[in-house]
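Sequential numbering of the sequence shown, starting at -4, is according to this note's numbering.
All C-beta atoms in this analysis are idealised placements derived from N, C-alpha and C, irrespective of residue type, glycine included.
Please read the structure below before turning to the comments.
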Amino acid sequence: MMIYKTYYDSPVGKLFVASDGENIIGLCIEGQKYYLNKLEKEGILENDLPIFDKTRKWLDSYFKQEKPKISELSLAPEGNIFRQCVWEFLCEIPYGETTTYGVLATQVAKKLNKSSMSAQAIGNAVGHNPISIIIPCHRVVGKNGNLTGYAGGIDKKIKLLKHEGININKFFIPNIKVKYKKEKIE
């Protein structure tokens, strides 16, 4: 499979976007924890693919707070059945809203006909989401308002949540245990 790549300058940093020529297979923020190095190294720089044009328009719309629909893009993230299931549920989290790892665990367990599912397993799948921002893993928080679990970094998660109009004062960064003050989040 040929892999094509392009870059997009966003308010949260430079984004790397990968495609198989028809679908988006990867999108990550430069420097994020699970950066798609292999796709970037193997990818052929190609800025003029129709799927990249659509993705740039989608991202432009998102960053203008126009709430574009995920279904406007053709996405093909690679992952096992469990991860695919988690990513499908991520796509159902509405713009400007959050959910918890526990809620996702309940939803995924039900869909996969399991009696239960650990929030940690969900966190692992969320953290390995290969199409950041578009598949909105930044909208998942801990059950007590903990802002853990964003491969792009907590600072980027905060920016994305604020961008979507989410009141972040009810959340906290894990090891700090102090509620945010508006002036501390920029």
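- Apart from the 5 residues on each side of it in sequence, Ser14 sits with its Cβ closer than 7 Å to the Cβ of Tyr(-1), Ile20, Leu44, Ile46 and Phe47 in its chain, given in chain order.
- Between the segment 68 to 86 and the segment 32 to 41, the count of C-beta pairs closer than 8 Å stays below three; the two stretches do not touch.
- In this structure, the beta-carbon distance from Val103 to Val81 falls below 8 Å.
- By the CB criterion at 8 Å, Asn119 and Cys132 fall outside the cutoff.
- Inter-segment contact for the segment 48 to 62 and the segment 104 to 118 is absent: fewer than three beta-carbon pairs are separated by less than 8 Å.
- Sorting Lys64, Tyr3 and Lys106 by C-alpha distance to the C-alpha of Tyr90 places Lys64 at the top.
- Taking each of Arg78, Lys105, Cys23 and Ile117 in turn and checking the Cα distance to Thr94, the smallest one comes out for Ile117.
- Around the beta carbon of Ile24, 16 or more other beta carbons sit within 10 angstroms, so the residue counts as buried.
- DSSP places Lys105 in the uninterrupted alpha helix (DSSP H) bounded by Tyr96 to Lys106.
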